[in-house]
Amino acid sequence: MLKKYIEDKRKEKEILLMTHIVIGYPGFEESFNIIKEMVEAGVDLMELQIPFSEPIADGPVILHANQVSLKNGATVEKCLEFAVKVVKSFHIPFLFMSYYNIFFKYGVERFTGKMKECGVKGAIVPDLPLEEGKEYLDAMASWNLAPIFIFSPSTKEERMRKIAAHAQGFIYCVARKGVTGLDTDFSSQLEAYLGKCREVAGLPIALGFGVKEKQDVDFLKNKADIAIIGTQTIRIMDNEGISAVGDFIRGLR
Amino acid sequence: MSKQGYYGDFGGMYIPEILTTTIEELISEFYKAKEDPSFWKEYTDLMSDYSCRPTPLTFAGNLTRHFGGAKIYIKREDLNHTGAHKANNVIGQGLLVKRMGKTRVIAETGAGQHGVATATMAAKFGFECTIYMGEVDVHRQRPNVFWMERLGAKVVPVREGSRILKDAINEALRDWVSNMDTTHYVLGTACGPHPFPEMVSWFQSIIGKEAREQILNIEGKLPSRIYACVGGGSNAMGIFSGFFDDPVDLVGVEAGGLGLDTGHHASRLKSDDASPGVAQGYKTYFLQDSDGQMKETHSVAAGLDYIGVSPILANLKETGRVRFEAATDREVVETLSLTIRKEGLIPALESTHGFVQAFKEAPELPPEDSIIINQSGRGDKDIFTIADAFNDPAWQEFIKTKAEEYNA
Ligand SMILES: Cc1ncc(COP(=O)(O)O)c(C=O)c1O
Numbered sequence: 016m017l018k019k020y021i022e023d024k025r026k027e028k029e030i031l032l033m034t035h036i037v038i039g040y041p042g043f044e045e046s047f048n049i050i051k052e053m054v055e056a057g058v059d060l061m062e063l064q065i066p067f068s069e070p071i072a073d074g075p076v077i078l079h080a081n082q083v084s085l086k087n088g089a090t091v092e093k094c095l096e097f098a099v100k101v102v103k104s105f106h107i108p109f110l111f112m113s114y115y116n117i118f119f120k121y122g123v124e125r126f127t128g129k130m131k132e133c134g135v136k137g138a139i140v141p142d143l144p145l146e147e148g149k150e151y152l153d154a155m156a157s158w159n160l161a162p163i164f165i166f167s168p169s170t171k172e173e174r175m176r177k178i179a180a181h182a183q184g185f186i187y188c189v190a191r192k193g194v195t196g197l198d199t200d201f202s203s204q205l206e207a208y209l210g211k212c213r214e215v216a217g218l219p220i221a222l223g224f225g226v227k228e229k230q231d232v233d234f235l236k237n238k239a240d241i242a243i244i245g246t247q248t249i250r251i252m253d254n255e256g257i258s259a260v261g262d263f264i265r266g267l268r
Numbered sequence: 162m163s164k165q166g167y168y169g170d171f172g173g174m175y176i177p178e179i180l181t182t183t184i185e186e187l188i189s190e191f192y193k194a195k196e197d198p199s200f201w202k203e204y205t206d207l208m209s210d211y212s213c214r215p216t217p218l219t220f221a222g223n224l225t226r227h228f229g230g231a232k233i234y235i236k237r238e239d240l241n242h243t244g245a246h247k248a249n250n251v252i253g254q255g256l257l258v259k260r261m262g263k264t265r266v267i268a269e270t271g272a273g274q275h276g277v278a279t280a281t282m283a284a285k286f287g288f289e290c291t292i293y294m295g296e297v298d299v300h301r302q303r304p305n306v307f308w309m310e311r312l313g314a315k316v317v318p319v320r321e322g323s324r325i326l327k328d329a330i331n332e333a334l335r336d337w338v339s340n341m342d343t344t345h346y347v348l349g350t351a352c353g354p355h356p357f358p359e360m361v362s363w364f365q366s367i368i369g370k371e372a373r374e375q376i377l378n379i380e381g382k383l384p385s386r387i388y389a390c391v392g393g394g395s396n397a398m399g400i401f402s403g404f405f406d407d408p409v410d411l412v413g414v415e416a417g418g419l420g421l422d423t424g425h426h427a428s429r430l431k432s433d434d435a436s437p438g439v440a441q442g443y444k445t446y447f448l449q450d451s452d453g454q455m456k457e458t459h460s461v462a463a464g465l466d467y468i469g470v471s472p473i474l475a476n477l478k479e480t481g482r483v484r485f486e487a488a489t490d491r492e493v494v495e496t497l498s499l500t501i502r503k504e505g506l507i508p509a510l511e512s513t514h515g516f517v518q519a520f521k522e523a524p525e526l527p528p529e530d531s532i533i534i535n536q537s538g539r540g541d542k543d544i545f546t547i548a549d550a551f552n553d554p555a556w557q558e559f560i561k562t563k564a565e566e567y568n569a
């Protein structure tokens with residue numbers, strides 16, 4: 016189980032790292048090599064984003080990666096094949112991240128079955144709030160997959176409790192308003208928010224949006240279980256190449 | 162876990178967690194207003210003194226004689242201030258923004274009509290204003306960009322995706338999730354997450370309420386059919402909603418582009434190319450591929466060039482209450498020409514789609530019947546596109562001379 020994996024790992028490490036890639040950006044071979052760099056550099060779990068044409072929660076960097084991947088011919092089928100290969104090659108938990116239409120169009124039941132077959136452990140679907148998630152939750156439960164839900168600084172406590180009651184694995188705490196890829200203010204306000212998330216979640220908590228350097232990860236120690244690095248690794252790869260990604264990750268903890 | 166805002170299988174609220182609190186506030190403010198009779202009165206008073214309401218229902222005598230069938234009436238939404246039905250929605254949402262105490266508004270726009278209407282409302286109410294517009298549409302609707310900027314709005318050309326209406330909506334949503342404390346997103350059509358489809362349709366229902374009363378006054382009986390173009394579906398919902406309980410055929414006309422069999426169109430409900438999906442916050446018929454990736458759409462009318470359609474209309478298609486048709490770019494240009502010559506009316510390219518279907522059917526109906534076409538907007542904004550379609554040599558000469566003046 017994902018939760019247990021995270022709790023066990025946390026006994027060895029002060030904070031875990033979760034990284035993210037857009038499958039097929041800039042190409043499938045590169046995607047595989049980036050994952051290899053990341054795993055060798057010690058990341059503890061990873062999000063594999065299946066590209067979507069209308070990624071409303073993503074900022075310019077990840078949006079661009081989605082578009083390039085689709086333009087270069089990424090399909091859901093190819094992403095699933097890719098996931099099979101990745102899960103066989105690397106021994107950390109992988110999650111899918113995508114928008115709900117990808118699940119819906121494939122058939123939620125059928126898609127989650129495929130996830131199980133691939134060996135992916137769970138999913139993050141940023142445009143699927145709990146209220147719309149019944150079919151998804153039932154399907155995920157039937158395959159014993161973890162639906163990861165999101166808390167935001169504007170989520171009221173009562174709603175956090177409702178969400179936590181249906182979430183599995185961990186809670187993805189969004190650090191601030193806005194889309195991916197913008198700066199976050201690592202402040203006492205953020206600390207208070209994480210404290211509230213921790214109190215309500217009953218699951219390990221991860222913090223994402225704007226985490227991009229060692230200082231940020233240090234700030235999160237003892238406040239969150241997982242630091243999520245999204246956009247920054249894409250920036251580094253775009254600017255310095257794939258091999259720079261491993262060094263970047265090693266420098267974070 | 163209660164779902165809200167469903168019409169049959171369509172609609173809902175597929176939104177990022179960060180927006181839930183903002184949208185809940187909006188829902189509660191909207192229902193408060195809807196249940197408060199003084200709000201509707203404030204709204205209609207403002208629409209009459211600022212935007213020429215009630216708009217006339219014009220009898221098109223020459224076209225009626227030309228087709229020799231049913232009497233043709235035209236609901237004149239083009240006479241709204243800013244030249245389209247978009248003003249109805251925008252002024253309504255502007256009043257809500259005041260109630261919510263927000264200070265900034267943002268909007269997407271395709272044809273630019275909704276952008277101009279929003280910028281106008283922002284100028285009048287003293288809000289800061291940013292308009293997102295696909296780069297392709299900035300180019301094809303340049304006069305409207307000029308007016309938005311003069312009205313004090315910041316116009317942001319969107320260079321992502323297919324650079325049209327859907328991409329402008331994505332960017333507006335990205336702005337909203339970043340600034341919702343101060344900012345209201347004035348969505349321009351009956352799409353998006355709940356409560357937008359219901360809220361926009363409610364403000365637009367002013368069209369149907371007036372039209373029903375007007376036709377009964379003139380004809381003493383209900384019309385047999387009503388025609389409206391369908392982009393996102395707000396002008397159609399507006400006029401149709403006045404007649405839902407009546408034995409009146411309701412016909413929505415989508416953008417047939419280069420023809421439904423070419424794949425270059427924006428017909429979600431008439432063509433077989435669309436299927437149910439979830440994007441931009443709601444569930445409806447989308448023009449998408451088998452993976453769920455949205456397709457490129459095409460229409461001569463920027464305001465109809467959109468992948469999705471109101472979830473309320475998607476449901477009314479399933480129940481059979483509304484019939485859907487499509488008009489091609491070529492039919493639209495021909496019909497526009499005829500309408501201008503015969504009646505001296507200049508409908509927007511979007512609105513003209515409704516005229517095309519009405520003109521196909523009017524001759525089949527007996528002369529004692531009447532039909533209403535919703536002229537959702539005026540065509541002045543389309544001067545560049547229409548001049549190109551007519552290949553007007555004098556206009557081209559003028560543009561060249563003008564360009565030389567700037568170069569000099
Ligand atoms: C004049 C006019 N008519 C119709 C439309 C289409 O929108 P809707 O279907 O919401 O009425 C637009 C959109 O820009 C428009 O400008």
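Chain order of the listed sequences is A and B.
Per the working numbering, the first sequence starts with residue 16, numbered consecutively.
Per the working numbering, the second sequence starts with residue 162, numbered consecutively.
Even glycine gets a Cβ: it sits at the ideal position worked out from N, Cα and C.
| Check | Outcome |
| --- | --- |
| So what does DSSP say about B:F220, is it helix, strand or coil? | strand |
| Quick one, which of B:G481, B:D410 and B:K370 has its alpha-carbon nearest B:E522's? | B:D410 |
| Strictly under 8 Å for the Cβ-Cβ distance: is A:G193 near chain B by that measure? | yes |
| CB of B:V306 to nearest heavy atom of ligand 1: below 7 Å? | no |
| Leaving out five residues before and five after A:L197 in sequence, what residues of the same chain have Cβ atoms less than 7 Å from its Cβ? | G74 and G225 |
| Please report how far the alpha carbon of A:L235 lies from the alpha carbon of B:H459, in whole angstroms. | 48 Å |
| What residues from the segment 161 to 181 of chain A come within 9 Å of chain B, judged by C-beta to C-beta, listed N to C? | F164, I165, F166, S167, P168, S169, T170, K171, R174, K177, I178 and H181 |
| Could you say if the segment 348 to 359 of chain B and the segment 305 to 319 of chain B meet the contact criterion of at least three C-beta pairs nearer than 8 Å? | no |
| Check whether the Cβ atoms of B:Q365 and B:K542 sit closer than 8 Å, and answer yes or no. | no |
| Using the Cα positions of B:Q536 and B:R237, report the straight-line distance between them to the nearest angstrom. | 5 Å |
| Name the chain A residues whose beta carbon is nearer than 7 Å to that of B:G173? | E147 |
| Using 8 Å for Cβ pairs, my map puts B:Y467 next to B:K563. What's the rounded Cβ distance? | The Cβ separation is near 32 Å, so there is no contact. |
| State yes or no: is the beta carbon of A:L78 nearer than 8 Å to at least one beta carbon in chain B? | yes |
| Once DSSP output is grouped into helix, strand and coil, what is the label at B:L430? | coil |
| When the Cα of B:A389 is compared with those of B:G453, B:L474 and B:A333, which residue comes out closest? | B:L474 |
| Would you verify that the beta carbon of A:S84 is, or is not, closer than 8 Å to some beta carbon of chain B? | no |
| What number of angstroms, rounded off, separates the C-alpha of A:I220 from the C-alpha of A:Y208? | 12 Å |
| Going by beta carbon distance, what residues of the same chain come within less than 8 Å of A:E147, once the five residues before and after it are set aside? | Y115 |
| Roughly how far, in whole angstroms, is the beta-carbon of B:P215 from the beta-carbon of B:E380, given that I think they are within contact range, below 8 Å? | B:P215 to B:E380, Cβ: 17 Å. No contact. |
| Find the residues of chain B that neighbour A:Y115, judging by a C-beta separation of less than 8 Å, and give them in chain order. | Y175 and V439 |
| So B:F286 is in the alpha helix (DSSP H); what residue range does that whole segment cover? | Q274 to F286 |
| When every heavy atom of ligand 1 is checked, does at least one fall within less than 7 Å of the C-beta of B:E511? | yes |
| Which residues, in order along the segment 305 to 320 of chain B, keep a beta-carbon less than 8 Å from a beta-carbon of chain A? | none |
| Tell me whether B:Q274, by its Cβ, gets closer than 7 Å to a heavy atom of ligand 1. | yes |
| Just to make sure I have the definition right: I need the residues of chain A whose C-beta is within less than 9 Å of the C-beta of B:T182. Which are they? | S167, S169, T170, K171 and R174 |
| Once the 5 residues before and after B:I547 are set aside, which same chain residues still bring their CB inside 8 Å of it? | V494, L497, L510 and G540 |
| If you measure from the beta carbon of B:D452 to each beta carbon in chain A, is any gap under 8 Å? | yes |
| Measure the CB-CB distance between B:P384 and B:I532 and report whether it falls below 8 Å. | yes |
| Can you check whether the CB of B:V412 is closer than 8 Å to the CB of B:R484? | yes |
| Compare the C-beta of B:N331 with all C-beta atoms of chain A and state if any pair is closer than 8 Å. | yes |
| Report the neighbours of B:L334 on chain A: residues whose CB is nearer than 7 Å to its CB, in chain order. | I71 |
| Please confirm whether any heavy atom of ligand 1 lies closer than 7 Å to the CB of B:S366. | no |
| Where B:G453 and A:F67 are concerned, what is the direct C-alpha to C-alpha distance, given to the nearest angstrom? | 8 Å |
| Comparing the CB of B:S395 with every heavy atom of ligand 1, is any distance shorter than 7 Å? | yes |
| Could you check if B:G271 is buried or exposed, using at least 16 other CB atoms within 10 Å of its CB as the buried criterion? | buried |
| Would you say B:G353 and B:Q441 are within 8 Å of each other, going by their C-beta atoms? | yes |
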